[in-house]
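Per our numbering, the sequence shown starts with residue 64, numbered consecutively.
Virtual Cβ for every residue (Gly too), placed ideally from N, Cα, C.
One structure is given below, encoded as structure tokens.
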Amino acid sequence: MKLVIASWVAGLLGFALLVAGVWMVHRPAAFIVAGVGLMIWAKLADQAAAHQVVREGG
Numbered sequence: 064m065k066l067v068i069a070s071w072v073a074g075l076l077g078f079a080l081l082v083a084g085v086w087m088v089h090r091p092a093a094f095i096v097a098g099v100g101l102m103i104w105a106k107l108a109d110q111a112a113a114h115q116v117v118r119e120g121g
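This is the structure we're talking about:
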């Protein structure tokens, strides 16, 4: 369980640092990177939720 939490925190921190780095170069690009990253995260979360429903027999 600790590894799952640590990997989630590391991924979140990495995403924040990526957006902050892009922000330092070009602000509008940071919004694009953040938006694309959040859309990818939403897609992965949706797939994980659907996989759990199928595995539970729903």
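Please report the distance separating the alpha-carbon of residue i from that of residue j.
{"i": "Ala92", "j": "Gly84", "result": "10 angstroms"}
{"i": "Arg90", "j": "Val82", "result": "9 angstroms"}
{"i": "Val67", "j": "Gly74", "result": "11 angstroms"}
{"i": "Ala113", "j": "Met102", "result": "16 angstroms"}
{"i": "Gln110", "j": "Val88", "result": "33 angstroms"}
{"i": "Trp71", "j": "Phe94", "result": "22 angstroms"}
{"i": "Leu4", "j": "Ala69", "result": "The structure shown has nothing for residue 4, since the chain only spans 64 to 121."}
{"i": "Leu80", "j": "Leu107", "result": "20 angstroms"}
Whole-angstrom Cβ separation of residue i and residue j, contact assumed at under 8 angstroms?
{"i": "Gly100", "j": "Phe78", "result": "6 angstroms"}
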